[in-house]
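In the numbering used here, the protein residues as written are 15 to 267. Even glycine gets a Cβ: it sits at the ideal position worked out from N, Cα and C. Keep in mind that this is a model prediction, so the values were computed, not measured.
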């Protein structure tokens with residue numbers, strides 16, 4: 015069974031992977047044997063991430079480009095294919111967030127979030143699909159959120175975008191399935207990332223204990239297992255799903 019979770023010989027691109035959950039997914043893929051390209055727009059931060067992983071005995075390859083620049087993204091993905099001979103796994107992880115009430119969200123801000131979080135994932139998936147088909151193996155993993163599955167005050171833009179991410183997953187599942195490509199969504203809950211420092215407060219810890227089955231926020235490293243499963247041969251008959259990784263938060267309200 016261990017062979018089903020092995021990514022030896024696979025080539026993966028993880029967008030937005032210089033830190034936080036994307037970084038941990040890239041680390042997990044590299045540990046599972048994949049050749050991993052980490053992506054971002056800050057060269058220094060990408061280099062730091064590569065050096066940090068090198069310190070763990072893992073080799074990754076920086077891919078410096080803005081995912082919202084479709085022409086540049088196409089050029090970089092072709093470069094990866096030419097350099098590695100294949101592209102098997104794409105994780106659409108790039109995202110920005112704006113926590114604002116409805117009357118504070120302008121059309122331009124919403125369009126920017128849609129472009130960066132959702133339209134870029136759509137474009138990269140379209141670019142990746144023919145490359146995956148040529149290699150005979152394809153896994154697309156979209157990073158959604160449990161927030162996209164339920165309404166909440168003061169977070170409309172994020173909820174709209176993340177809800178759209180899983181709708182896109184279901185559509186691409188139908189479109190790309192005949193090519194042998196699976197498309198799935200991961201729905202992270204509250205993780206102790208750099209952007210969620212508020213989850214470390216005493217009040218938030220007490221809230222997790224009271225409301226969630228596992229009673230705590232997630233360690234970023236805990237996202238990697240779900241990503242490896244969806245990227246590996248073990249998930250060969252799994253497509254179109256939204257997999258919560260949230261300590262039971264979505265199940266219990």
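- Judged by their CB atoms, residue 78 and residue 44 are not nearer to each other than the 8 angstroms cut-off.
- With contact defined as three or more Cβ pairs closer than 8 angstroms, the segment 18-28 and the segment 99-108 are in contact.
- DSSP places residue 125 in no beta strand (DSSP E) but in the uninterrupted alpha helix (DSSP H) bounded by 121-127.
- Here residue 194 is exposed. Its C-beta has fewer than 16 other C-beta atoms within 10 Å.
- Taking every protein chain shown into account, the CB of residue 197 has 16 or more other CB atoms within 10 angstroms, so this residue is buried.
- Taken in chain order, the unbroken stretches of alpha helix (DSSP H) that lie wholly in the segment 82-153 and span 4 residues or more are 84-98, 121-127 and 134-149.
- Annotation: the segment 197-261 contains the following complete segments of the beta strand (DSSP E) (minimum length 3 residues), in chain order: 256-259.
- Residues of the same chain with a CB within less than 6 angstroms of the CB of residue 255, apart from the 5 flanking positions on each side, are 198 in chain order.
- Residues of the same chain with a CB within less than 8 angstroms of the CB of residue 264, apart from the 5 flanking positions on each side, are 160, 163, 164, 201, 203 and 258 in chain order.
- In the structure shown, the three-state DSSP call for residue 157 is strand.
- Residue 15 sits exposed, since fewer than 16 C-beta atoms from the chains shown fall within 10 Å of its C-beta.
- The beta carbon of residue 207 sits closer than 6 angstroms to the beta carbons of 34 and 234 from its chain, once the five residues preceding and following it are set aside; these are given in chain order.
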